[in-house]
Ligand SMILES: C[S@@+](CC[C@H](N)C(=O)[O-])C[C@H]1O[C@@H](n2cnc3c(N)ncnc32)[C@H](O)[C@@H]1O
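Numbering (the working numbering), first residue to last: 11 to 364.
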């Protein structure tokens with residue numbers, strides 16, 4: 011209801027919008043009575059009630075209102091989506107699939123110009139490179155986009171590389187642990203959200219990924235953010251990368267290792283067995299901090315993850331700082347364990363490697 015009653019203006023305007031009103035006649039009568047009461051005593055006032063039809067078009071309604079009107083009653087409205095650059099990423103349920111194009115069109119229309127493409131995840135992530143199978147439902151078909159995180163720009167191709175904006179705060183938390191004197195090894199670096207953000211803070215970064223496409227984007231992103239002098243990028247298997255780093259002259263300078271491949275990273279911890287075994291015994295090497303991510307469905311996720319770390323290292327890591335990062339599915343947690351590489355592991359005989 012809009013009510014315009016400027017006291018200096020003798021003409022009053024009362025606009026009443028009552029969607030779905032059925033008994034217009036009764037409302038009109040009631041309004042006339044109320045209005046006449048209000049102007050009683052003022053003989054110069056005139057009163058007129060005009061009925062008009064106002065049509066509210068598509069542009070007027072909000073995304074949720076349109077979806078509610080279009081989709082079957084009792085259907086959960088799929089209004090939440092993740093944004094990666096210009097791409098809206100829906101996670102549609104099976105019941106939504108017959109309406110997927112319609113839903114995507116409304117999402118696109120109502121979020122332009124920021125959103126230019128609407129996609130839906132087709133399948134759970136199964137492949138080694140952790141890429142998503144996406145179906146473009148509306149808008150332009152380019153899945154190459156630009157994301158800003160931590161003041162840095164990252165170009166990503168969602169069809170070919172891993173990216174998860176939901177982990178931004180976790181990456182930030184990790185970065186808060188790094189200092190100017192640190193040298194970082196990022197074993198599963200993707201397009202570089204941790205490695206490149208760290209390159210702004212620490213002395214030097216060695217970053218690696220198995221996916222050649224992720225490595226290409228990481229190189230591009232290092233140039234884009236003018237950080238190429240602070241980072242060396244590798245394209246190899248994580249275990250070989252750990253071997254190569256610690257067999258080289260770089261070994262003594264590495265202070266932090268990040269292993270962000272939650273499905274499998276813990277299985278790569280055995281690569282640290284014996285990394286210092288050939289180093290001169292008289293020289294003290296700083297042992298790096300390791301930050302390893304993992305999933306657990308156990309009743310006690312911390313205990314379960316700690317056990318898996320012990321099995322992989324064949325030693326008990328002490329003073330492990332264990333954190334729950336995210337609840338990824340019912341009963342499933344993503345965890346991060348941070349601990350200093352045990353000396354007994356670093357100087358162990360490599361024969362015991364699994
Ligand atoms: C979960 S993603 C994390 C990427 C990055 N840290 C981030 O936060 O976006 C894991 C990455 O590990 C890479 N990867 C998978 N298996 C690997 C392996 N055996 N060695 C090295 N990298 C691997 C994938 O290509 C993917 O980019």
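C-beta atoms are modelled at their ideal positions from N, C-alpha and C, and glycine is treated no differently.
Any idea which residues DSSP pairs residue i with across the strands?
| i | result |
| --- | --- |
| residue 196 | 217 and 268 |
| residue 148 | 128 |
| residue 303 | 346 |
| residue 308 | In the DSSP output, where bridge partners are listed per residue, residue 308 has none listed. |
| residue 339 | 342 |
| residue 98 | 93 and 128 |
With DSSP as the reference, label residue i as helix, strand or coil.
| i | result |
| --- | --- |
| residue 226 | helix |
| residue 164 | strand |
| residue 294 | coil |
| residue 142 | coil |
| residue 244 | strand |
| residue 11 | Residue placement at residue 11 is flagged as unreliable, the pLDDT there being 41, under the threshold of 50; a coordinate-derived value is accordingly withheld. |
| residue 331 | strand |
| residue 232 | helix |
| residue 42 | helix |
| residue 175 | helix |
| residue 188 | coil |
| residue 358 | coil |
| residue 325 | coil |
| residue 314 | helix |
| residue 85 | coil |
| residue 274 | coil |
| residue 351 | coil |
| residue 250 | helix |
| residue 237 | coil |
| residue 320 | helix |
| residue 64 | coil |
Kindly indicate the opening and closing residues of the beta strand (DSSP E) around residue i.
| i | result |
| --- | --- |
| residue 263 | Looking at the DSSP string, residue 263 is not in any beta strand (DSSP E), and its letter there is neither H nor E. |
| residue 130 | 127 to 131 |
| residue 159 | 154 to 159 |
Terminal residues of the continuous alpha helix (DSSP H) containing residue i?
| i | result |
| --- | --- |
| residue 171 | Taken as a continuous stretch (DSSP letters only), residue 171 belongs to no alpha helix (DSSP H), as it is neither H nor E. |
| residue 116 | 110 to 121 |
| residue 73 | 73 to 80 |
| residue 134 | Segment: none, residue 134 is in no alpha helix (DSSP H) and carries neither H nor E. |
| residue 184 | 178 to 185 |
| residue 289 | First-last for residue 289: undefined, no H or E at that position. |
| residue 204 | 203 to 209 |
To which residues of the same chain is residue i closer than 8 Å at the C-beta, ignoring the five residues directly before and after it?
| i | result |
| --- | --- |
| residue 80 | 109, 112 and 116 |
| residue 97 | 125, 126, 127, 128, 129, 153, 155 and 168 |
| residue 103 | 86 and 88 |
| residue 148 | 111, 114, 115, 117, 118, 127 and 128 |
| residue 294 | none |
Beta-carbon within less than 6 Å of residue i's beta-carbon, same chain only, minus the 5 sequence neighbours each way: which residues are those?
| i | result |
| --- | --- |
| residue 303 | 270, 272, 275 and 346 |
| residue 245 | 222 and 225 |
| residue 249 | 278 and 281 |
| residue 66 | none |
| residue 196 | 204, 205, 217 and 268 |
| residue 312 | 332 |
| residue 193 | 213, 214, 263, 264 and 265 |
| residue 150 | 126 and 127 |
| residue 358 | 283 and 284 |
Who are the near neighbours of residue i in its chain, counting only those whose CB is closer than 7 Å to its CB and skipping five residues on each side?
| i | result |
| --- | --- |
| residue 74 | 87 and 89 |
| residue 308 | 314 |
| residue 337 | 343 |
| residue 356 | 282, 285, 286 and 297 |
Count the CB pairs spanning the segment 260 to 272 and the segment 187 to 199 that are closer than 8 Å, and state whether there are at least three.
yes
Below 8 Å, can you find three or more Cβ-Cβ pairs linking the segment 157 to 166 to the segment 129 to 143?
no
Any chance the segment 322 to 336 sits against the segment 249 to 258, with 3 or more Cβ pairs inside 8 Å?
no
Does the segment 172 to 188 come close enough to the segment 234 to 243 to have 3 or more Cβ pairs within less than 8 Å?
no
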